[in-house]
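In the working numbering, the protein residues as written are -12 to 198.
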């Protein structure tokens, strides 16, 4: 065990955790969960309690934001699937929008459950335990990263399903003004998804490689 407050020799990054030895899927999971396509910086944070506490706070904050977003989606989609539309020209109770709203509701519920359980794990985990989990690499690293990524995955797809439901309801509307607003919403939605995807790829491609 490392004595806090005294100099210590940093434990080298295990061979199984080096970027060149990780699959493309693992590198993408690393980038989604930790902001880098490798584990070098994360491994360094496991060398001291102070650095690990910073990482734990950051991950807990991400999971807390996921819970908040999922809770909003859960409440909103729940209202939509349990009430009929007050506007005759915007009927979201049609089969396709209603199905997507129900899927959005279910995904949001799963996001709340997975993010809550992941947050509990992060709150009670310790630095040495995390190091031992990561050292073997392979499945252990993937499961570690998925505990962060899966809640985000469910909340993102819940949001997409909700948006698609509203778009379908808008395009099926008998009101020309409603359809025009739906087209504007679709263009804005696609533009934002494209911008986020490009920025994601740019940061992934320009991330510095492990030494």
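We treat Cβ as the ideally placed atom computed from N, Cα and C, and that holds for glycine.
For the set 86, 48 and 6, the Cα lying nearest the Cα of residue 65 is the one of 86. Around the beta carbon of residue 22, fewer than 16 other beta carbons sit within 10 angstroms, so the residue counts as exposed.
Under the three-state reduction of DSSP output, residue 22 falls in the coil class, being neither helix nor strand.
Look at the beta carbons and you see the region 145 to 160 not touching the region 102 to 121: under three pairs across the two are nearer than 8 Å.
158 is the residue among 176, 158 and 20 whose C-alpha sits nearest the C-alpha of residue 84. With respect to the 8 Å criterion, residue 50 and residue 96 are not classified as neighbours on the basis of their beta carbons. Counting C-beta atoms within 10 angstroms of its own C-beta, residue 136 has 16 or more neighbours from the protein chains shown and is therefore classed as buried.
Distance between residue 28 and residue 175, taken at the CA atoms: about 36 Å.
Within the region 27 to 62, complete alpha helix (DSSP H) segments of at least 4 residues are found at 27 to 32, given in chain order. DSSP, read as helix, strand or coil, puts residue 176 in helix. In this structure the region 122 to 132 does not touch the region 51 to 58; the number of beta carbon pairs closer than 8 Å is below three.
In this structure, the CA atom of residue 44 is about 17 Å from the CA atom of residue 17.
Under the Cβ criterion (8 Å, minimum of three pairs), the region 99 to 108 does not count as touching the region 164 to 181. Residue 192 sits exposed, since fewer than 16 C-beta atoms from the chains shown fall within 10 Å of its C-beta. For residue 117, the uninterrupted alpha helix (DSSP H) run begins and ends at 114 to 121, by DSSP. Taking all protein chains in view, the Cβ of residue 59 is surrounded by fewer than 16 other Cβ atoms within 10 Å, so the residue is classified as exposed. Within 10 angstroms of the beta-carbon of residue 80 lie fewer than 16 other beta-carbons, which makes it exposed. When C-alpha distances from residue 100 are compared across 132, 138, 13 and 129, the shortest belongs to 138. Counting only the Cα atoms, residue 69 lies some 10 Å from residue 63. Here residue 132 is actually not in contact with residue 38; their C-beta atoms are around 19 Å apart, not less than 8 Å.
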